[in-house]
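2 protein chains.
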Amino acid sequence: MKSAVKVTITGAAGNIGYALVFRIASGAMFGPDQPVILKLLEIPQSMSSVKGVGMELEDCAFPLLHDVVMTDNPAIGFRDTDYAILIGAKPRGKGMERKDLITENAKIFSVQGKAINDHASRDVKVLVVGNPANTNALIAASNAPDLDKRQFTAMTRLDHNRAIGQLANKTNSLVADIKRVTVWGNHSSTQFPHIDNCEIAGKPVYDLVSQDWAIDHFIPRVQRRGAEIIEARGLSSAASAADAIVDHMHDWALGTPDGDWVSMAIPSDGSYGIEEGLVYSYPVTCKDGSYEIVQGLELDEFSVSRLKATQQELLEERAIIADLLGG
Amino acid sequence: MKSAVKVTITGAAGNIGYALVFRIASGAMFGPDQPVILKLLEIPQSMSSVKGVGMELEDCAFPLLHDVVMTDNPAIGFRDTDYAILIGAKPRGKGMERKDLITENAKIFSVQGKAINDHASRDVKVLVVGNPANTNALIAASNAPDLDKRQFTAMTRLDHNRAIGQLANKTNSLVADIKRVTVWGNHSSTQFPHIDNCEIAGKPVYDLVSQDWAIDHFIPRVQRRGAEIIEARGLSSAASAADAIVDHMHDWALGTPDGDWVSMAIPSDGSYGIEEGLVYSYPVTCKDGSYEIVQGLELDEFSVSRLKATQQELLEERAIIADLLGG
Numbered sequence: 399m400k401s402a403v404k405v406t407i408t409g410a411a412g413n414i415g416y417a418l419v420f421r422i423a424s425g426a427m428f429g430p431d432q433p434v435i436l437k438l439l440e441i442p443q444s445m446s447s448v449k450g451v452g453m454e455l456e457d458c459a460f461p462l463l464h465d466v467v468m469t470d471n472p473a474i475g476f477r478d479t480d481y482a483i484l485i486g487a488k489p490r491g492k493g494m495e496r497k498d499l500i501t502e503n504a505k506i507f508s509v510q511g512k513a514i515n516d517h518a519s520r521d522v523k524v525l526v527v528g529n530p531a532n533t534n535a536l537i538a539a540s541n542a543p544d545l546d547k548r549q550f551t552a553m554t555r556l557d558h559n560r561a562i563g564q565l566a567n568k569t570n571s572l573v574a575d576i577k578r579v580t581v582w583g584n585h586s587s588t589q590f591p592h593i594d595n596c597e598i599a600g601k602p603v604y605d606l607v608s609q610d611w612a613i614d615h616f617i618p619r620v621q622r623r624g625a626e627i628i629e630a631r632g633l634s635s636a637a638s639a640a641d642a643i644v645d646h647m648h649d650w651a652l653g654t655p656d657g658d659w660v661s662m663a664i665p666s667d668g669s670y671g672i673e674e675g676l677v678y679s680y681p682v683t684c685k686d687g688s689y690e691i692v693q694g695l696e697l698d699e700f701s702v703s704r705l706k707a708t709q710q711e712l713l714e715e716r717a718i719i720a721d722l723l724g725g
Numbered sequence: 399m400k401s402a403v404k405v406t407i408t409g410a411a412g413n414i415g416y417a418l419v420f421r422i423a424s425g426a427m428f429g430p431d432q433p434v435i436l437k438l439l440e441i442p443q444s445m446s447s448v449k450g451v452g453m454e455l456e457d458c459a460f461p462l463l464h465d466v467v468m469t470d471n472p473a474i475g476f477r478d479t480d481y482a483i484l485i486g487a488k489p490r491g492k493g494m495e496r497k498d499l500i501t502e503n504a505k506i507f508s509v510q511g512k513a514i515n516d517h518a519s520r521d522v523k524v525l526v527v528g529n530p531a532n533t534n535a536l537i538a539a540s541n542a543p544d545l546d547k548r549q550f551t552a553m554t555r556l557d558h559n560r561a562i563g564q565l566a567n568k569t570n571s572l573v574a575d576i577k578r579v580t581v582w583g584n585h586s587s588t589q590f591p592h593i594d595n596c597e598i599a600g601k602p603v604y605d606l607v608s609q610d611w612a613i614d615h616f617i618p619r620v621q622r623r624g625a626e627i628i629e630a631r632g633l634s635s636a637a638s639a640a641d642a643i644v645d646h647m648h649d650w651a652l653g654t655p656d657g658d659w660v661s662m663a664i665p666s667d668g669s670y671g672i673e674e675g676l677v678y679s680y681p682v683t684c685k686d687g688s689y690e691i692v693q694g695l696e697l698d699e700f701s702v703s704r705l706k707a708t709q710q711e712l713l714e715e716r717a718i719i720a721d722l723l724g725g
């Protein structure tokens, strides 16, 4: 049997964490022959609740789950970890300015970046989910000078999956037949869900939908889907966010299928004219635990303007927390 | 590709339902090559919430999920369904007598039994989770005269998995090494978690734990685990219950491993001296979509008394709702 991989989850007692940890323990993230050790890192006031989660994990008798560690100490939570999923973040309080939200979270993620730098496996793969996810990932990476910045990513896979879901619904297609959707930029309402390269069952997407539909209905709906879910459920997306986390880590670790790609927010290398270093969502393929940006996609004027608009938001976020960017 | 199986879930907007439906859609219940259609049956006042669940399912872009139906009409919800998972039930209200709880739920499950009888696939497999689960399954089966009573089961798999979890923890063993645990009787505090036949990594369990530990610590802890979870989480078990549902249906549909068995509450055929017809949890093996009670286990005097005690509770429950048992 393979040796167990260690997976650290912050905010494990929250709604996304609760929807996630059982799926990881069941083998959904790393496959049916890969044992896992879960390390649930919480804030002190959530330790009782996270212990309940640990008890329920025990009650599932998952054959692949070799151990569960519950702690409020980042040094213990990140020690030797292979995968770090950073969900826990400060939510926007009443009357809180967006700038304050970014600054408050920047403090949390600079501490976690340092702890990962000092304690995690040298090959750790980090996924930031807590918002503002791209900028939080930038801060964490900046505070981990001994690691490669490419080990730090942020999640736009939920947006990517939402885009596929909307296309499947609109065209009455099977999800499995929809390829080459991209979400560019920031995980926020400036994101750019982009389907010019999309194929559905081998046909160009614009054989099935119009560009007007894409611009007037599809893009805004994907951008605002989170609010639509809150309105229907009275609660924010949890299980679908957890599922996107499973997908992001699964594909990063085990690879993307031939002929398709996924969206991941990663440190930009300057591709497509985006400022180097910004954590920006690109179309990527994954193989052998590594990712590469899909190159050579043609972008029309409208698309270029959208890529720049979401970059602009990320530049503004970075300016707010510039003093927390180590090195 | 296989044609999709239809799976009806009642109470899909509740906490267990929310933890369950995404796992079914991901392929955890019926395997990675079996498409599914989910039919979410809710009460009218939960339709907005269940629509939010349907939206999140769409947002996951599950390749195996071919359709989602949301309805408050049992005729639509159960039409042609292959698997019915009955979670929705009336919870015990303040000052409510146990007898009233049983009677109130009996009404719900007699209606659902009739609807399944009239609309479901002739091969439907039914799992009752809503409490009192065994007696609710008895009522549903009694109201479905055109179906085989053996198609109606109730869930003791969560108790079974909890028992394995406790043994793994106590003996510091891997879950995969623990075989032949049984939970007998009612899914209630009279259940009998029984390990006399258990082996851990090929050794008799009593090489590793004492009978005193089993009687004084193990049995009561498994029986009362639900309350222990509520105390830690402030909420009742949801994800672990959902996981047990996945396991129950998975094993019933796809079979149990050689050399091991699982616990399922099923209509008694009189085995082990239990009154025929009661829905009683037995050790069973599954193959080709059917189950058989494990025969020939030796039971000592203590065990026989425990089997009778939990039977007695089921007889009392049945007496309360005798007038609702059709045919």
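First to last, the sequence lines map onto chains H and Y.
The opening residue of the first sequence carries number 399 in the numbering used here; numbering runs sequentially from there.
The opening residue of the second sequence carries number 399 in the numbering used here; numbering runs sequentially from there.
Even for Gly, the Cβ is constructed at its ideal location relative to N, Cα and C.
Scan the stretch 454-488 of chain H for residues whose Cβ lies nearer than 9 Å to a Cβ of chain Y and list them as they occur along the chain. Listed by position, the residues of the stretch 454-488 of chain H near chain Y (Cβ gap below 9 Å) are E454, L455, E456, D457, C458, A459, F460, P461, L462, L463, H464.
Hey, could you find the ends of the beta strand (DSSP E) K685 of chain Y is sitting in? Position 287 of the second sequence, counting from 1, holds the residue named residue 685 of chain Y. Segment 677-685, the beta strand (DSSP E) holding K685 of chain Y.
Closest to L484 of chain Y by CA distance: which of Y:M494, Y:L536, Y:L462, Y:P602 is it? Here residue 484 of chain Y is taken as the residue at index 86 of the second sequence, counted from 1. Residue Y:L536 is the option with its Cα nearest to L484 of chain Y.
Find the residues of chain Y that neighbour I627 of chain H, judging by a C-beta separation of less than 8 Å, and give them in chain order. Start at 1 with the first residue of the first sequence, and residue 627 of chain H comes out as number 229. Within chain Y, the residues near I627 of chain H are G450, M453, E454, D457.
Can you pull the chain H neighbours of L556 of chain Y, defined as C-beta to C-beta under 8 Å? Mapped onto the second sequence, residue 556 of chain Y falls at position 158. Around L556 of chain Y, the beta-carbon contacts reaching into chain H at under 8 Å are D457.
From Q398 of chain H to A423 of chain H, what distance separates their C-alpha atoms? Residue 398 of chain H falls outside the range modelled here, since chain H spans only 399 to 725, and no answer is possible.
Within-8 Å CB hit, G508 of chain H to chain Y: By 1-based counting over the first sequence, the position of residue 508 of chain H is 110. Correcting the residue type first, residue 508 of chain H is Ser in the shown sequence and not Gly. S508 of chain H is outside the set of residues whose beta carbon lies under 8 Å from a beta carbon in chain Y.
Chain H partners of A637 of chain Y, CB-CB under 7 Å? Position 239 of the second sequence, counting from 1, holds the residue named residue 637 of chain Y. Per Cβ cutoff of 7 Å: Y416, F420, E454.
Within the stretch 474-536 of chain H, ranges of the alpha helix (DSSP H) (whole runs, at least 4 residues): Listed in chain order, they are 496-517.
If the cut-off is 8 Å on Cβ atoms, which residues from the stretch 508-539 of chain H count as contacting chain Y, listed in chain order? Those would be none; no residue qualifies.
Helix, strand or coil: how does DSSP classify L697 of chain Y here? As a working mapping, residue 697 of chain Y is identified with position 299 in the second sequence. The answer is coil: DSSP assigns L697 of chain Y none of H, G, I, E or B.
So D727 of chain H contacts chain Y; which residues on that side make the cut at Cβ distance below 7 Å? Look at the range of chain H in this structure, 399 to 725, and you will see that residue 727 of chain H is not part of it.
Taking Cβ positions, are I435 of chain H and V419 of chain H nearer each other than 8 Å? What you label residue 435 of chain H is simply residue 37 of the first sequence in a count that begins at 1. What you label residue 419 of chain H is simply residue 21 of the first sequence in a count that begins at 1. Not in contact: I435 of chain H and V419 of chain H (Cβ atoms no closer than 8 Å).
Pull out every residue of the stretch 673-707 of chain Y whose Cβ sits closer than 8 Å to any Cβ of chain H, in chain order. Listed by position along the chain: nothing, the set is empty.
For the alpha helix (DSSP H) containing H648 of chain H, list its first residue and its last residue. Your numbering for residue 648 of chain H matches position 250 in the first sequence. Membership of H648 of chain H in the alpha helix (DSSP H) is indicated by the continuous run 637-652.
Are the C-beta atoms of G493 of chain H and some chain Y residue less than 8 Å apart? Position 95 of the first sequence, counted from the start, is the residue given in the question as residue 493 of chain H. Interface criterion not met: the Cβ of G493 of chain H is under 8 Å from no Cβ in chain Y.
Output yes if chain H places a C-beta closer than 8 Å to the C-beta of V603 of chain Y; else output no. Numbered from its first residue, the second sequence carries residue 603 of chain Y at position 205. Look at V603 of chain Y: its C-beta is not under 8 Å from any C-beta on chain H.
Can you find the residues in the same chain that come closer than 6 Å, C-beta to C-beta, to K512 of chain H, ignoring five residues on each side of it along the sequence? In the first sequence, the residue the question calls residue 512 of chain H occupies position 114. Excluding residues within five positions, the ones whose Cβ falls inside 6 Å are N541.
Whose C-alpha, out of Y:G624, Y:A642, Y:V603, Y:N532, is nearest the C-alpha of T708 of chain Y? Residue numbering aside, residue 708 of chain Y sits at position 310 when the second sequence is read from its first letter. It is Y:N532 whose Cα lies nearest to the Cα of T708 of chain Y.
In the structure shown, what three-state DSSP assignment does V405 of chain Y receive? On the second sequence, position 7 is the one that residue 405 of chain Y refers to. The answer is strand: DSSP assigns V405 of chain Y an E or B state.
In the DSSP assignment, find the beta strand (DSSP E) that holds E690 of chain H and state where it starts and stops. Within the first sequence, the letter at position 292 stands for residue 690 of chain H. Start and end: 688-691.
For a cutoff of 8 Å on Cβ pairs, would you count G600 of chain H as touching chain Y? Locating residue 600 of chain H in the first sequence gives position 202, where the first residue counts as 1. Among the CB atoms of chain Y, none fall inside 8 Å of the CB of G600 of chain H.
Closer than 8 Å, CB to CB, is G657 of chain H near chain Y or not? The residue you call residue 657 of chain H lines up with position 259 of the first sequence. Output row for G657 of chain H: interface = no.
Express the C-alpha separation of L545 of chain H and Y680 of chain H in angstroms, rounding to a whole number. Indexing the first sequence from 1 puts residue 680 of chain H at position 282. Indexing the first sequence from 1 puts residue 545 of chain H at position 147. For Y680 of chain H and L545 of chain H, the distance between alpha carbons rounds to 21 Å.
Closer than 6 Å by C-beta to R555 of chain Y: which residues in its own chain qualify, once you throw out the five before and the five after it? Chain order, please. As a working mapping, residue 555 of chain Y is identified with position 157 in the second sequence. Closer than 6 Å at the Cβ level, and outside the excluded window around R555 of chain Y, lie A642, D645, H646.
To the nearest angstrom, report how far apart A676 of chain Y and A411 of chain Y are at their CA atoms. Residue 676 of chain Y sits at position 278 when you count from the first residue of the second sequence. Residue 411 of chain Y sits at position 13 when you count from the first residue of the second sequence. This sequence places Leu at residue 676 of chain Y; Ala is not what is there. Take the alpha-carbon of L676 of chain Y and the one of A411 of chain Y: they are about 30 Å apart.
Nearest chain H C-beta to D641 of chain Y closer than 8 Å, yes or no? Mapped onto the second sequence, residue 641 of chain Y falls at position 243. Closer than 8 Å to some Cβ of chain H, the Cβ of D641 of chain Y qualifies, so yes.
To the nearest angstrom, how far is it from the Cα of N471 of chain Y to the Cα of N570 of chain H? Translated into the one-based positions of the second sequence, residue 471 of chain Y becomes position 73. Translated into the one-based positions of the first sequence, residue 570 of chain H becomes position 172. Roughly 24 Å separates the two Cα atoms.
Cα-Cα, which of H:W650, H:V403, H:V603 is closest to S519 of chain H? Taking the first residue of the first sequence as position 1, residue 519 of chain H is located at position 121. Considering only H:W650, H:V403, H:V603, the residue with the shortest C-alpha distance to S519 of chain H is H:V403.
For N584 of chain H and chain Y, any beta-carbon pair shorter than 8 Å? Counting from one through the first sequence, the residue named residue 584 of chain H turns up at place 186. Chain Y places no beta carbon closer than 8 Å to that of N584 of chain H, leaving this residue out of the contacts.
Where V573 of chain Y meets chain H, residues with beta-carbon distance less than 8 Å: The residue labelled residue 573 of chain Y in the question sits at position 175 within the second sequence. What V573 of chain Y touches in chain H: A459, F460, P461, L463.
Verify whether the separation of the beta carbon atoms of V524 of chain Y and I514 of chain Y is less than 8 Å. For the purposes of this step, residue 524 of chain Y is taken as the residue at position 126 of the second sequence. For the purposes of this step, residue 514 of chain Y is taken as the residue at position 116 of the second sequence. Contact: yes.
Assign P530 of chain Y to buried or exposed, taking buried as 16 or more other Cβ atoms, counted over all protein chains shown, within 10 Å of its Cβ. The count along the second sequence starts at 1 and reaches residue 530 of chain Y at position 132. When all chains shown are included, P530 of chain Y counts as buried.
To the nearest angstrom, report how far apart G563 of chain H and W611 of chain H are at their CA atoms. For the purposes of this step, residue 563 of chain H is taken as residue 165 along the first sequence, with counting starting at 1. For the purposes of this step, residue 611 of chain H is taken as residue 213 along the first sequence, with counting starting at 1. Going by the C-alpha atoms only, they are around 15 Å apart.
Per-residue DSSP class, three states only, for V702 of chain H: By 1-based counting over the first sequence, the position of residue 702 of chain H is 304. V702 of chain H: helix per DSSP, three-state reduction.
8 Å is my cut-off, CB to CB: does I562 of chain Y come that close to chain H? On the second sequence, position 164 is the one that residue 562 of chain Y refers to. Closer than 8 Å: yes.
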